[in-house]
Structure formats: structure tokens, C-alpha cells
Amino acid sequence: MLVLRPGALGDTLLAVPAVRALRRRFGHVRLAAHAGAARLLQACGEVDQGMAFDDPSLAWIFAGEATSEPTVAWMSTPVNG
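So for the sequence shown, this note's numbering puts the first residue at 7; every next one is plus one.
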């Protein structure tokens, strides 16, 4: 599960209860957020991977272009509801 959370540190911290619920439901959670917030939540164990919005592996999201890059191959895994 990729969670996109724009905003500063405080905004991201307010989203922690929702991130916890998503992690309980879906398991592995990756967070794209403000760089400092992403690192903090990863270091605290709230997310499995934290990355900044400007991480090159996320450029396709904001460019609106389709990609088959291996860095996003994990997104093709279906989530059973």
C-alpha cells in the first residue's frame, strides 16, 4: 500500500492513526510524504518504507506517465479485500 501524504510534519503526524489502520488491514505500508516526516515514521516503525515526494522512483505519479519500472512493480500485487 502506498500512502501519499502531502503537508508538513504536523499534518503527517495527525494521519498516523489512519496509517496504523491501513497497516493492520493491508500489512506493508509505504509512505510518500515530507522527507523528514517520512524518515521519522519509518524510524519509529509506523511505516515499512518512508520516502520523500521528490524521490525519483515516484516521479511517474506526478508526471502522469505510465511506467513499467521495477521500482513500482510491487504495485501490481492485488490486495484481497
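Cβ atoms here follow ideal geometry from the backbone N, Cα and C, with glycine treated the same way.
Compute the distance between the beta-carbons of residue i and residue j, then report whether it is under 8 angstroms.
{"i": "methionine 7", "j": "leucine 20", "result": "no"}
{"i": "valine 22", "j": "leucine 37", "result": "no"}
{"i": "methionine 57", "j": "leucine 46", "result": "no"}
Can you give the Cα-Cα distance for residue i and residue j, rounded to whole angstroms?
{"i": "valine 25", "j": "aspartate 60", "result": "20 angstroms"}
{"i": "alanine 44", "j": "alanine 14", "result": "10 angstroms"}
{"i": "proline 62", "j": "glycine 16", "result": "24 angstroms"}
{"i": "tryptophan 66", "j": "phenylalanine 32", "result": "23 angstroms"}
{"i": "valine 35", "j": "glutamine 48", "result": "10 angstroms"}
With which residues is residue i paired in a DSSP beta bridge?
{"i": "leucine 10", "result": "Ala38"}
Taking only runs of the beta strand (DSSP E) that begin and end inside the segment 23 to 72, which ones reach a length of at least 3 residues, in chain order? Fully enclosed beta strand (DSSP E) runs of no fewer than 3 residues occupy 36 to 39 and 55 to 58 of the segment 23 to 72, in order along the chain.
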